[in-house]
Every structure is written in C-alpha cells, then in structure tokens.
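*Asks:* Heads up: the sequence shown is residues 474 to 608, going by this note's numbering. For each residue, glycine too, the CB sits at the ideal point set by N, CA and C. These numbers come from a predicted model, not from an experiment. For reference, the structure I am asking about is given below.
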Amino acid sequence: MKLDSIQIIDIPKVHDERGSLAVIEKELIPFKIKRVYYLYDVPTDSYRGGHAHKQQESLIIALSGSFEVIADDGLEKKRIMLNKPTKGLYIPTDIWREIDNFSSGAVCLVLASTEFDEAEYIRDYNEFCQSKGEV
Numbered sequence: 474m475k476l477d478s479i480q481i482i483d484i485p486k487v488h489d490e491r492g493s494l495a496v497i498e499k500e501l502i503p504f505k506i507k508r509v510y511y512l513y514d515v516p517t518d519s520y521r522g523g524h525a526h527k528q529q530e531s532l533i534i535a536l537s538g539s540f541e542v543i544a545d546d547g548l549e550k551k552r553i554m555l556n557k558p559t560k561g562l563y564i565p566t567d568i569w570r571e572i573d574n575f576s577s578g579a580v581c582l583v584l585a586s587t588e589f590d591e592a593e594y595i596r597d598y599n600e601f602c603q604s605k606g607e608v
C-alpha cells in the first residue's frame, strides 16, 4: 500500500441547540468493524502505535482534543493532524503508523477490521521496510 491509499473520511453530524451527534454507519467505512478501542490519558510527550498491520484496516478518530498520526509506507511519511470528531483517518493494511503530540484530554478512538491477533502486527520498523522491499 502507498500513502495515497489513506484518506480522511467525513463523519456526518446532526446539530441543534442540544448539541451535536455524529453517526458512523456501515456504508461510511470500507470494512466491517470487529473491534473498537480507544486511547486516553496519554502524556503529551508520549507516542502510541509504532507498528503496521498485515490484515487490519483502521479508522482513527479524535473524539476529544487533538493528536497527530504519522503514516509511513516505507518510502515516504505523512503527518496528519486529527482534531475534529467528524473526521476519521482511514488506514489500510501495510502502513506503518505512529500517533504523537497528544493534547491534554485527547481521546483517540480506533475502529478496527480485525479482532486482536499479535501475529498480524509488524512491530519492528526494519522488518516492515524489508517486507516492502526497502532497506
């Protein structure tokens, strides 16, 4: 996969005097959701991620606050700021990702296409690059 395969997905919202409601339905994302998890209370100077997936596709959403996602296809890197709960970052398989620059109170929601399976993670960056034919 190349970096041009990642994309920002607009999440529809409804707003009235009572507040806003965002809706994610199955037609919005290109995979069936098998797992949902979220990151919170991440110290500002910490980072998360640091891996790629062989099978999992993901949609990453900043429910609260902000953070940056660094996406890497082995040839180039792209830094994407997420700071709106109506914008999700779709990341297909075989893209290295790191998440950093968490603001205070940030909540990072991840919708995943697979259940957890440690064997499908690539956690070594050199191994990731070798799998792409780089290095």
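For the ligand ADP, is there any heavy atom lying closer than 7 Å to the beta carbon of Lys550?
*Replies:* The ligand ADP is absent from the structure shown, which contains no ligands of any kind.
*Asks:* By Cβ distance, which residues of its chain are closer than 6 Å to Gln529, with the 5 residues on each side in sequence left out?
*Replies:* Ala585, Ser586 and Thr587
*Asks:* Assuming Glu600 is part of the beta strand (DSSP E), what are its boundary residues?
*Replies:* Where Glu600 is concerned, there is no enclosing beta strand (DSSP E), although the alpha helix (DSSP H) it sits in stretches over Tyr598 to Ser604.
*Asks:* Do Trp569 and Asp545 have their C-beta atoms within less than 8 Å of each other?
*Replies:* yes
*Asks:* What span of residues does the beta strand (DSSP E) with Ile533 cover, start to end?
*Replies:* Ser531 to Ser537
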